[in-house]
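Residue numbers (the UniProt record's numbering): 1 to 523. Reviewing the structure listed below.
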C-alpha cells in the first residue's frame with residue numbers, strides 16, 4: 001500500500017498519536033479524559049480530518065469481536081454471583097504449606113482463572129485476597145503480586161476468551177477455538193511453570209518457610225481472610241459486585257452490618273453445627289430471643305434466623321434452589337466452552353450463553369447488565385476506527401514492507417525478529433492496537449509460505465503480544481489493575497513500582513517468550 005499525501009499522513013498520525021497518549025497515559029495532565037474518551041476522540045478526529053469517511057468508520061467496527069466480548073462479560077458476572085471466585089479464593093488458602101507453596105498456588109490459580117474469565121477479571125477479584133494472606137503470614141506482598149499479574153497474562157494466552165487481543169485474533173484469523181487452545185496450550189503450561197520458577201529463584205530467601213505461618217484453613221482466625229473479600233472490588237472488564245450482607249430466609253437484608261435486629265442474638269457456629277462463642281471461620285447464627293426451638297447450622301452458613309419450623313423449611317428450600325441455580329450456571333458455562341471447542345460461532349455461542357443465564361435467573365436483568373463494562377466496549381469501537389484510519393495513511397504498510405524480509409517465520413532468525421517487533425510495539429502502542437496493525441500483514445506474509453504457517457503466525461502473534469504485557473508495569477491492563485488495587489487497599493496497601501516490576505518483568509518476559517515460541521505448533 002502506497003503512502004497517502006503528506007497532509008493526510010500528518011493528520012492521521014496526529015489523531016493516532018492523541019489516541020495513543022490517552023490509551024497509555026489516561027490521566028495525562030493536559031487532557032485527563034481517560035482511555036475510553038481518548039479512543040472516541042481519536043475516532044472522531046479521523047473522520048473530521050477526512051482521513052477516513054463516516055461509512056468507512058462504521059465499517060471498521062468489528063461487531064463479532066464486540067459480541068464475543070459482551071457475552072463473556074455477562075457470563076463472568078453470573079459466575080461471580082454463583083460464587084466461582086470465592087471457590088478460587090479458597091483454593092489459594094486451603095491447607096497451604098508456607099510461602100513457596102502459596103506462590104505456586106497463586107501462579108496456578110491465576111493462570112487457570114485468566115484463561116476462562118479473562119486476565120483483568122482474575123486480577124480484580126484476587127488482588128486484595130492475596131494481599132491479606134501475604135500480610136497475615138509475614139510474607140512480602142511483592143512476589144505474590146508479581147505472580148498474580150504475570151501468571152494471569154501468561155494463562156490468558158491459552159484461550160481466545162482469555163484477553164482482548166486473543167478475541168481479535170480468533171475472529172480475524174478464523175482459527176477454531178479448539179485449534180487455538182491446542183496450538184498454544186503447551187507454551188502456556190510451560191510458560192506458567194518457568195515463570196513460577198523464576199519467581200522462586202528471585203524471592204527464595206524472602207519466601208523462607210521459617211518466616212511463614214501455616215495458612216491452612218483451620219489456622220485462620222475469625223477476622224482473617226473473609227471469602228466475600230474476593231469479590232469486593234469493582235473494575236472492568238466485568239464490574240464485580242459488592243460483598244453480600246446478612247440476609248433472612250426470605251431474601252431481605254438484615255438491618256445492620258452484623259446481620260442482627262432487636263429480636264436476634266448472634267453467636268458463632270461450631271463445625272458440628274452447635275452454637276458456640278467462637279468458631280474457626282467466625283460465621284454467625286441468629287436465634288430469636290425467647291424462642292424455645294434449638295437452632296443449629298452447618299459451618300459456612302451465611303444466615304440462619306428462624307422463628308419456626310416453617311421458616312427453617314423455607315430456608316432449606318431456598319438453599320436447595322440456590323444450589324440448583326449455581327449448578328445450572330456452571331452447566332451453561334461449560335456448555336459454552338464445549339460449543340466453542342466444537343467450532344461453533346464464538347460470538348453467538350457467548351451471547352447465547354449470556355442470554356440463557358439471564359433467562360435462567362428469571363428476574364429483571366438490568367442489575368447484572370449494569371455490571372458489564374460498556375466503557376470498554378466503547379473503547380474498542382473508537383480503537384477500531386482510529387487504527388483503521390492510521391492503517392489508511394500507509395505508515396504501517398510501509399513499516400511492514402521494510403521489516404518483512406527479516407521477519408519471515410520460516411526461519412529461526414525471522415521468528416526472533418518478529419517476536420522482538422511485537423514485544424516492542426506491544427509495550428509502546430499496547431497489545432490490541434499492535435494486533436490490529438500487524439495481524440493481517442503478518443498472516444498474509446506467512447500465507448505465502450503455507451496455510452499451516454499462516455495459522456502459526458497468528459498463534460505467535462497471540463503468544464508474544466500477550467506475554468509482552470509482563471515486560472513492564474504499563475505493558476498490560478492486568479498489571480495496572482494489580483498495582484492500583486494493591487496501592488488503594490486500606491488495610492494492606494502496597495506500592496508496586498515501575499522499576500521493581502521491570503527487574504522481574506524484563507528477564508522473565510524474554511525467557512518465557514523464547515521458550516513458548518519453541519512450543520507453538522499449529523495442527
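Virtual Cβ for every residue (Gly too), placed ideally from N, Cα, C. Treat the numbers as computed from the prediction; the structure is a model and nothing was measured.
1) Are residue 36 and residue 423 closer than 8 angstroms when you measure CB to CB?
2) Can you tell me the Cβ-Cβ gap for residue 65 and residue 171, rounded? I've got them flagged as a contact below 8 angstroms.
3) Smallest Cα separation from residue 52: which of 4, 29, 160?
4) Excluding five sequence neighbours on each side, which residues of the same chain lie with their C-beta closer than 8 angstroms to the C-beta of residue 233?
5) Per DSSP, what kind of secondary structure is residue 28 in: helix, strand or coil?
6) Give the C-beta separation of residue 195 and residue 508 to the nearest angstrom, bearing in mind that I take them to be a contact with Cβ-Cβ under 8 angstroms.
7) With a Cβ-Cβ cutoff of 8 angstroms, do residue 160 and residue 336 count as a contact?
8) Measuring alpha carbon to alpha carbon, tell me which of 448, 403, 415, 399 ends up nearest residue 464.
9) Identify whether residue 171 lies in helix, strand or coil by the three-state DSSP scheme.
10) I believe residue 404 touches residue 349 by the beta-carbon criterion, under 8 angstroms. Please report the beta-carbon distance rounded to the nearest angstrom.
11) Excluding sequence positions up to five away, which residues of its chain have a Cβ less than 6 angstroms from the Cβ of residue 166?
12) For residue 82, report the span of its alpha helix (DSSP H) as first-last.
13) Would you say residue 207 and residue 139 are within 8 angstroms of each other, going by their C-beta atoms?
14) Would you mind working out which of 118, 61, 13, 20 sits nearest residue 466, comparing C-alpha positions?
15) Alpha carbons only, please: which of 387, 82, 474, 30 is nearest the one belonging to residue 60?
16) Using three-state DSSP, classify residue 192 as helix, strand or coil.
17) Alpha carbon to alpha carbon, how far is residue 18 from residue 32? Give it in angstroms, no decimals.
18) Residue 48 to residue 114, Cα distance in whole Å?
19) Helix, strand or coil for residue 51, going by three-state DSSP, please let me know.
20) Out of 16, 109, 511, which has the shortest C-alpha to C-alpha gap to residue 383?
21) Between the C-alpha atoms of residue 112 and residue 419, what's the straight-line distance to the nearest angstrom?
22) In whole angstroms, what separates the C-alpha of residue 197 from that of residue 366?
23) Let me confirm a value: residue 92 is counted as buried when at least 16 other C-beta atoms fall within 10 Å, else exposed. Which label applies?
24) Would you identify the three-state DSSP class for residue 359, choosing helix, strand or coil?
25) Specify the secondary structure class of residue 61 as computed by DSSP and reduced to three states.
26) Within 8 angstroms (strictly less), CB to CB, does residue 206 reach chain B?
27) The alpha helix (DSSP H) that contains residue 325, what's its start and end?
28) Would you call residue 80 buried or exposed, if buried means 16 or more other Cβ atoms sit within 10 Å of its Cβ?
29) Residue 225: buried (16+ other C-beta within 10 angstroms of its C-beta) or exposed?
30) Report yes if the C-beta distance between residue 110 and residue 151 is below 8 angstroms; otherwise report no.
31) Cutting at 6 angstroms between CB atoms, please list the residues of its own chain near residue 62, excluding the five before and the five after it.
32) Give me the residue from 29, 179, 427 with the minimum Cα distance to residue 454.
33) Need the endpoints of the alpha helix (DSSP H) that residue 120 sits in, please.
34) Assuming residue 89 and residue 389 are in contact, meaning their beta carbons sit under 8 angstroms apart, how far apart are those beta carbons, in whole angstroms?
35) Which value, in whole angstroms, describes the spacing of the CA atoms of residue 106 and residue 144?
36) Mind checking whether residue 515 and residue 456 have CB atoms under 8 angstroms apart?
Walking through what the data contain:
1) Cβ distance not < 8 angstroms, so residue 36 and residue 423 don't count as in contact.
2) A Cβ-Cβ distance of about 5 angstroms is found for the pair residue 65 and residue 171, placing them in contact under the 8 angstroms criterion.
3) Across the set 4, 29, 160, the C-alpha of 4 shows the shortest separation from the C-alpha of residue 52.
4) At residue 233, the pLDDT of 32 sits below 50, so the modelled position is not reliable; the number obtained from the coordinates is stated separately. Apart from sequence neighbours up to five positions away, the residues of its chain that approach residue 233 with a beta-carbon distance below 8 angstroms are 124, 125, 127, 128, 240, 485, ordered along the chain.
5) Coil.
6) Indeed they touch by this definition, with Cβ atoms about 6 angstroms apart.
7) In this structure, residue 336 does not lie closer than 8 angstroms to residue 160 by Cβ.
8) Cα-wise, what sits closest to residue 464 is 415.
9) Three-state DSSP puts residue 171 in a helix.
10) With a contact defined as Cβ atoms closer than 8 angstroms, residue 404 and residue 349 miss out at about 35 angstroms.
11) Excluding positions up to five away in sequence, the list reads 160, 462.
12) Segment: none, residue 82 is in no alpha helix (DSSP H) and carries neither H nor E.
13) Residue 139 sits close to residue 207, with the two beta carbons spaced by under 8 angstroms.
14) If you compare the alpha carbons of 118, 61, 13, 20 with that of residue 466, the shortest gap goes to 118.
15) Taking only the C-alpha atoms, the option nearest residue 60 is 387.
16) Helix at residue 192.
17) Each residue's Cα considered, the two are about 12 angstroms apart.
18) Residue 114 has its alpha-carbon roughly 39 angstroms from the corresponding atom of residue 48.
19) Residue 51 falls in the coil class under three-state DSSP.
20) Here the closest residue by C-alpha is 16.
21) So the two alpha carbons sit approximately 25 angstroms from each other.
22) Whole-angstrom Cα-Cα distance: 45 angstroms.
23) With a 10 Å radius around the Cβ and a threshold of 16 neighbouring Cβ atoms, residue 92 comes out buried.
24) Of the three classes helix, strand and coil, the one that applies to residue 359 here is helix, per DSSP.
25) The DSSP-derived three-state label of residue 61 is coil.
26) Absent here is chain B; the protein component of the structure consists of one chain.
27) Segment 309 to 341, the alpha helix (DSSP H) holding residue 325.
28) Counting Cβ neighbours within 10 Å, residue 80 comes out buried, since at least 16 surround it.
29) Summary for residue 225: the model assigns pLDDT 37, below 50, so the residue's position carries little reliability; its value from the coordinates is reported in the next sentence. Around the C-beta of residue 225, 16 or more other C-beta atoms lie within 10 Å, and the residue is accordingly described as buried.
30) In this structure, residue 151 lies closer than 8 angstroms to residue 110 by Cβ.
31) 384, listed in sequence order.
32) Checked all of 29, 179, 427; the closest Cα to residue 454 is 179.
33) Per DSSP, residue 120 belongs to the alpha helix (DSSP H) from 119 to 136.
34) With 8 angstroms as the limit, residue 89 and residue 389 do not qualify as a contact, their Cβ atoms being about 44 angstroms apart.
35) Rounded to the nearest whole angstrom, the C-alpha separation of residue 106 and residue 144 is 7 angstroms.
36) For residue 515 and residue 456, no; Cβs fall outside 8 angstroms.
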